[in-house]
Every structure is written in structure tokens, then in C-alpha cells.
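The structure appears below as C-alpha cells.
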Amino acid sequence: MRQFFGFDRLQTGYRQEILAGMTTFITVAYIIVVNPAILEAAGIPREASMTATILTAAFGTLLMGLYANRPFAVAPYMGENAFIAYTVVQTLGYSWQTALAAIFFSGILFTILTLSGMRSWLSKAIPKTLKHSFPVGIGLFLAFLGLNDMGVIALGVPGAPVRMADISTMPVLAGIGGLTLMAVLLARKIKGAILVSMLAVTGVLAATGYVPLPEVPYSLPPSIAPIFMQIDFAGSLTWGFIGVITSVLVMDFVDTMGTLLGLSARAGLLDEHANLPEIEKPMLADALATIAASICGTTTAGIYIESAAGIEQGGKTGLTAVVIALLFLCALFFSPILTIVPAEAYGPALVIVGMFMMGSLRDIDFNDYLELVPAFLTIILMVFTFNIGVGITAGFVSWTALRVLDGRIREITAGMWLLSLLSLTFYIFYPYH
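Numbering that gives the first Met the number 0 applies: residue 0 is where the sequence shown begins, and numbers increase by one.
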């Protein structure tokens, strides 16, 4: 096993890798609760969705460990799940079964792009400013959802679409307390700060009678049958759905590329040219996990930035990922406890995850308006239209249009022309009424 994972070459050992895996799992375990809660808004049954989330995470992470030999956790992405639930299903009117087709097709396309080498070509085609604006917009979107789940904000009156809600009730106060506790634990660099805070809020609301406790803390996993292999391919055969697939593809692409390179740099896995050796392996693991996610009935899977917690503990090899995958599988049998977590407990997690994504603001060029305007449109349209896809496609179209109008057409790459034209289909077939 030492030789298989390359312990000697990477100067690591069993204890170091196992501890790293446990640390990463603690920091990423919130997805087991939060992902099903978000997808419930799309009509996906919560308990079945929890099983799908765990199985997808276990499969993708195990693949990352055994095939790619990387210490990264793979699970359904935050942001992409919100896009499917609130944009594709609630706003655009597609069924969740049809939405899963976009996940499936994006996974297939990613696999083809990875095996053909085109994935790196498209990566270079997307301007850096847009790459940095995507996580900022998604972060604000998640924070908005989190504040709403906590009960801090609510729908307002004409002229004021959003207002402050009644924050004097016990559940809302517990949520605010959870957000505060989360911030303090993060400041003290406590591992698992998000998970600990979620458990604390759930405990307080359970003790005060706001959350019913399960009769038994463990059971057989909830059946995945209601959502397993429920992809509606026929419903996806429309021109308008091309925009949905494009948005899912770009979101996953940007998230994966940035996270993969960032974590690899942190783990010391990059070569002297800042390239990741055998980068196709973790990319392929990511693509196959997304295909598996759609089959299981959940959304786009990819590498989690929380893997940095395990890397800080010394995780360098795939054994870290194997440990994470095994812990995900263990979580299958504790669904009675996991399903009682209320919105006031996971809402603060969305706010904090959104905050983490704000860091990309520093990388946006505020001095070049041809870069700043598309980035700004990307961010504000994601939030103010309550549609992540609108923001992404607006960024592509506006970046290209401004270059054309300014006479800098030669700066537009073939890949960017392709993405911009695909983005236009999003607006041509958008259901405006």
C-alpha cells in the first residue's frame, strides 16, 4: 500500500493520511444535510436525496483516491445544486428529472473533453476576470439563500422585494447564534467548525421542542429508488435546454479547474512550471462522479475546497480520499439524526460558504472596464435575477460584445466565441413570462 500511494516519494505515512481524511470529512460532512435540503425545493425527496448525496460522494472520492491518487473529497457542488433547484426547476419550469439530464450531459461532455485534451483548451479560453467573478456571484447567491433559510430575511412589499423578518423568535435567534458560533470557531481554526455549529443549533432547537427527535439514531439507509435512474432525456430535447447544459458545464468547469489547481498548489503537488502532473486523472474522476450523480438523482459532483483542511493535516495521497469515502459510507446508517437538521442550522452554513467564495474579488481587475463590467454584470445578475445561469451567460456575452465594440476583436479566442454563442441561446429561449 505504501508503494501504491507513493508514501516514500511524497514523504507521508498511514497516521498522517488517516488523520487528514478524518479532518476533511468533518469539514465537508455538512453537504450530507445541506444538499438534500436545497434540492428539496426542486421536488426531490429529501431522504432519498441524502442517500444519493452520500453514494455520489463516496464513489467520487474513492475514485479520486484509488485512480487519481489525490487527497481530495468529491461531493455534489454547492452553487450547482442551487442553480438546479431555484433556476432550472423553479424559474425555468423544467422538472427535476429533466434537470438531471443537464447533469448527465455535462458529465459526458466533461469526460470527452478530458480524454480529448480539450478541457485545458476551454480553460484557457475563459478570461481570468470571469473565472474570478463566478464564485463571487455564486457566493452571494448562497448567502442570500442562507439568510432566507435562517429566517433573517423574507419577501417584502412592492418597492422593497426583500425585507428583514421577525428575528425575535427562538428558531431565528438560534440560527443567528449558530452563525456567530461558526464565525468564532473558524477564527480559532477549529476543525469542523461548520458541522459543530450545525449540531449545536439542532441540539438547542431539539431541547426546546422546535425539532422532533427520532426514535432511533440509526437505521438502514433511506431507499434511493424514487430518484435513481429517473433522468428525463425526452424533456431535455429542446433548443432552450442548450443554455441550461452550457451553464451547468461552465459552472462545473470553472469550479473544478480552480479548486483542483488551488488545492494541488497547497499540497505541494505542482511541478516547477506550476502544472499538475497527470491532471487528466483527477479531472476524469470528477467527470465520472458527475455522471454517477445524475444517475443517483443528485447534482453535479466535484472536488471540494474543504479538502484544504485535510491537506493542512498533511494529506498528500489517495489514502486520505479513501478514508473520506469510507466515512461517507458510514454516514448512510445515521439518516434519522441527519434528517432532523432544521433550516436554521444549515442556513448559517450557506452564509459562511458564500463568504468563503468572496475571496476571488481581490483577483478582479477594477482598473480595466472591459474586464470589470462583465464581471460586475455576472455577479449582480446572479443575485438580482435569482438565476445563476443568467449571470454566467451575461458575463460571456458582455465580455465578447465589449471587445468587439472596442475594436479588440483579435483578443477573442475561438473558445470564447463558442461559449458566447451558446450563451445567446440561453436568452433566445429563456421563458420570460
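From the three backbone atoms N, C-alpha and C, an ideal C-beta is built for every residue, glycine too.
Worksheet item: Hey, Thr128 and Ile363 are a contact pair by Cβ (cut 8 Å); roughly how many whole angstroms apart?
Response: 6 Å
Worksheet entry | Simplified DSSP assignment, three categories, for Gly177 | helix
Worksheet item: Are any of the Cβ atoms in chain C nearer than 8 Å to that of Arg407?
Response: Any reference to chain C falls outside this structure, which holds one protein chain only.
Discussion item. Helix, strand or coil for Gly406? Go by DSSP, reduced to three states.
Written reply: coil
Practice prompt. Please state whether DSSP places Ile302 in a helix, a strand or coil.
Written response: strand
Discussion item. Considering only their Cβ atoms, is the gap separating Val210 from Ser359 smaller than 8 Å?
Written reply: no
Worksheet entry | Alpha-carbon spacing of Gly177 relative to Arg187, whole angstroms | 15 Å
Practice prompt. Count the other CB atoms, across all protein chains shown, that sit within 10 Å of the CB of Ile137; report buried if there are 16 or more and exposed otherwise.
Written response: buried
Discussion item. Using 8 Å for Cβ pairs, my map puts Asn80 next to Phe4. What's the rounded Cβ distance?
Written reply: Contact doesn't hold; Cβ gap of about 31 Å is too wide.
Fill in: Start and end residues, alpha helix (DSSP H) containing Ile53
45 to 65
Worksheet item: Counting along the chain, where does the alpha helix (DSSP H) carrying Val350 start and finish?
Response: 342 to 355
Worksheet item: Going by Cα to Cα distance, which pick from Thr384, Pro170, Phe109 is closest to Ala199?
Response: Pro170
Worksheet entry | Completely contained beta strand (DSSP E) runs for the stretch 130 to 203, where each covers 3 or more residues | 152 to 156, 159 to 163
Fill in: Cβ separation of Ala72 and Thr60, assumed to be a contact under 8 Å, to the nearest whole Å
5 Å
Worksheet entry | Residue interval of the alpha helix (DSSP H) (run including Pro281) | 279 to 295
Item to complete: Can you tell me which of the three DSSP states Val73 falls into?
Response: strand
Item to complete: Say whether the stretch 419 to 427 touches the stretch 384 to 400, bearing in mind that this needs 3 or more beta-carbon pairs closer than 8 Å, one atom from each stretch.
Response: yes
Discussion item. Quick check: the Cα distance between Thr298 and Ala100, rounded to an integer number of angstroms?
Written reply: 10 Å
Worksheet item: If you check the beta carbons only, do Thr316 and Leu9 fall under 8 Å apart?
Response: yes
Worksheet entry | Beta-carbon proximity of Phe327 to Ile53, cut-off 8 Å | yes
Item to complete: Count the CB pairs spanning the stretch 289 to 296 and the stretch 321 to 340 that are closer than 8 Å, and state whether there are at least three.
Response: no
Worksheet item: Between the Cα of Tyr345 and the Cα atoms of Leu404, Thr392, Val195, Met228, which residue gives the shortest distance?
Response: Val195
Discussion item. Helix, strand or coil for Glu214? Go by DSSP, reduced to three states.
Written reply: coil
Practice prompt. Consult DSSP for Asp254 and reduce its assignment to one of helix, strand or coil.
Written response: helix
Worksheet item: For the ligand GTP, any of its heavy atoms closer than 7 Å to the Cβ of Glu370?
Response: Questions concerning the ligand GTP fall outside what the structure shown contains, since it holds no ligand whatsoever.
Worksheet entry | Nearest neighbour of Thr22, chosen from Leu380, Gly390, Phe332, Ala308 [CA to CA] | Ala308
Discussion item. In the DSSP assignment, the alpha helix (DSSP H) including Pro335 goes from what residue to what residue?
Written reply: 334 to 337
Worksheet item: Under a three-way DSSP split, which group does Tyr93 fall into?
Response: coil
Discussion item. Tell me the DSSP secondary structure of Val391 in three-state form.
Written reply: Note that residue 391 is Ile in the sequence shown, not Val. Helix at Ile391.
Item to complete: Take Gly414 as the anchor and find which of Ser334, Ile241, Val249 has the nearest alpha-carbon.
Response: Val249
Practice prompt. Could you give the DSSP three-state label for Ser222: helix, strand or coil?
Written response: coil
Worksheet entry | Close Cβ partners of Ile17 (< 6 Å) along its chain, the five nearest in sequence each way excluded | Val322
Discussion item. On the criterion of 16 or more Cβ atoms from any shown chain inside 10 Å, does Gln2 qualify as buried, or is it exposed?
Written reply: exposed
Discussion item. Between which two residues does the alpha helix (DSSP H) holding Gly313 run?
Written reply: Taken as a continuous stretch (DSSP letters only), Gly313 belongs to no alpha helix (DSSP H), as it is neither H nor E.
Item to complete: Report the three-state DSSP secondary structure of Trp15 (helix, strand or coil).
Response: Strictly speaking, residue 15 in this sequence is Gln, with Trp absent from that position. Reduced to three states, the DSSP call for Gln15 is helix.
Practice prompt. Would you kindly work out how many angstroms separate the C-alpha atoms of Gln89 and Ala288, rounded to a whole number?
Written response: 25 Å
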